[in-house]
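All residue numbers for the sequence shown refer to my numbering, where the first residue is 3 and numbers rise by one. Everything on this sheet refers to the single structure shown next.
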Amino acid sequence: MTRIWMGLALGFGLSACGGTAPFGVDDDPDTEAGSSSVYFTENNDTLTLNNVTYDPDTDTLTLNNIPFDDPENAYDRIRTEAFNNGFDAYDSNPERGTNELQYFAVFRRSDSGESQVAAAGTNSYVDFGYGGAGAQRLGNKPNLPTSGIYSYNGEYAAVRTTRDGTNDGVTFVTGDARLRVDFDDFDIDGAAGGSISNRQVYTTDGTLIGNLDGFISLADTTIDFDNSSLGSSTATEFDGAGDSTGASGNWQGVFAGTEGAEIAGIVFVEGSGVREVGGFIATQ
Numbered sequence: 003m004t005r006i007w008m009g010l011a012l013g014f015g016l017s018a019c020g021g022t023a024p025f026g027v028d029d030d031p032d033t034e035a036g037s038s039s040v041y042f043t044e045n046n047d048t049l050t051l052n053n054v055t056y057d058p059d060t061d062t063l064t065l066n067n068i069p070f071d072d073p074e075n076a077y078d079r080i081r082t083e084a085f086n087n088g089f090d091a092y093d094s095n096p097e098r099g100t101n102e103l104q105y106f107a108v109f110r111r112s113d114s115g116e117s118q119v120a121a122a123g124t125n126s127y128v129d130f131g132y133g134g135a136g137a138q139r140l141g142n143k144p145n146l147p148t149s150g151i152y153s154y155n156g157e158y159a160a161v162r163t164t165r166d167g168t169n170d171g172v173t174f175v176t177g178d179a180r181l182r183v184d185f186d187d188f189d190i191d192g193a194a195g196g197s198i199s200n201r202q203v204y205t206t207d208g209t210l211i212g213n214l215d216g217f218i219s220l221a222d223t224t225i226d227f228d229n230s231s232l233g234s235s236t237a238t239e240f241d242g243a244g245d246s247t248g249a250s251g252n253w254q255g256v257f258a259g260t261e262g263a264e265i266a267g268i269v270f271v272e273g274s275g276v277r278e279v280g281g282f283i284a285t286q
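Next comes the structure, spelled out in structure tokens:
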């Protein structure tokens with residue numbers, strides 16, 4: 003595989019394969035972002051994904067604003083995948099003899115149909131490359147409770163890119179998402195936080211490799227009652243001994259369903275040798 007140098011210090015120095023700069027490649031941003039959708043475009047310059055659509059009739063995932071993937075931004079289901087939760091795996095399936103790069107993605111629409119999440123990454127760059135994650139509320143904006151402390155439990159999946167000199171590639175990750183939400187803490191802002199745990203690692207064809215030690219801590223954030231969403235806060239990866247791995251980033255989400263009974267969220271952590279970009283759907 004040809005690796006592409008990304009000059010992060012210079013912005014977006016791209017590749018020997020040529021092409022347009024990533025911004026402006028796709029012109030279909032999610033106009034509801036900030037009210038019914040959240041993305042990482044403001045948290046990391048290379049997490050450029052800004053819209054997610056899914057066609058259940060063809061089982062086709064469409065991810066917008068990721069450079070050098072499929073010309074139609076279409077991702078095909080990886081049929082050999084054997085995840086242990088409701089997520090599925092996809093890839094951009096580059097056509098031989100073109101300048102398209104292979105991206106990998108995870109996606110889930112909630113059982114209620116009220117929300118969906120997706121995340122994507124690649125191993126085609128010397129550095130982590132482009133990708134991103136998005137969480138979308140598909141139904142009406144819920145009226146949230148004004149009091150009470152609730153637990154939300156659900157499933158998580160991610161694309162994990164490793165640059166440690168021994169495992170230079172991409173794997174999929176699944177796990178459990180557990181959050182707690184206090185709707186009347188901090189006067190009018192509320193509070194929410196939690197963790198991603200019990201992570202398992204899969205090859206890019208969806209074959210289970212084994213367990214991934216440690217967990218990702220989702221630091222407490224505030225509730226945006228006007229938009230029924232959760233503001234951005236810190237995400238930090240810890241190893242099995244409870245020590246920080248040095249990988250950190252952000253997480254955020256949106257409420258969906260009756261009285262916000264569902265949370266669709268996105269998570270990324272990045273260190274010197276690893277980036278994990280994922281999403282979760284959790285219910286009360």
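Beta carbons are placed, not taken as given, at the ideal position from N, Cα and C, and that holds for glycine.
Opposing strand residues paired with residue i [DSSP bridges]
{"i": "R79", "result": "Y92"}
{"i": "G133", "result": "L49"}
{"i": "Q118", "result": "R111 and Q138"}
{"i": "F270", "result": "N252 and V279"}
{"i": "N155", "result": "R180 and T285"}
{"i": "G195", "result": "R182"}
{"i": "R165", "result": "None; R165 has no bridge partner."}
CA-to-CA distance, residue j to residue i, given in whole angstroms
{"i": "F42", "j": "T50", "result": "7 Å"}
{"i": "Y105", "j": "G259", "result": "31 Å"}
{"i": "Y204", "j": "R162", "result": "10 Å"}
{"i": "N142", "j": "N229", "result": "11 Å"}
{"i": "A221", "j": "N145", "result": "24 Å"}
{"i": "D241", "j": "S219", "result": "11 Å"}
{"i": "R180", "j": "F270", "result": "16 Å"}
{"i": "P73", "j": "R139", "result": "26 Å"}
{"i": "G255", "j": "F217", "result": "19 Å"}
{"i": "I151", "j": "G192", "result": "10 Å"}
{"i": "E102", "j": "D78", "result": "14 Å"}
Neighbour-count burial assignment, residue i, 16 or more Cβ in a 10 Å radius
{"i": "R81", "result": "exposed"}
{"i": "A284", "result": "buried"}
{"i": "N66", "result": "buried"}
{"i": "P69", "result": "buried"}
{"i": "S112", "result": "buried"}
{"i": "N86", "result": "exposed"}
{"i": "D71", "result": "buried"}
{"i": "I225", "result": "buried"}
{"i": "I198", "result": "buried"}
{"i": "N213", "result": "exposed"}
{"i": "S38", "result": "buried"}
Simplified DSSP assignment, three categories, for residue i
{"i": "E102", "result": "coil"}
{"i": "E264", "result": "strand"}
{"i": "V128", "result": "coil"}
{"i": "F174", "result": "strand"}
{"i": "T60", "result": "coil"}
{"i": "G150", "result": "coil"}
{"i": "N67", "result": "coil"}
{"i": "A160", "result": "strand"}
Checklist entry - Can you give, in chain order, each stretch of the beta strand (DSSP E) that sits fully within the segment 199-262 and has at least 3 residues? => result 210-213, 217-223, 231-240 and 246-258
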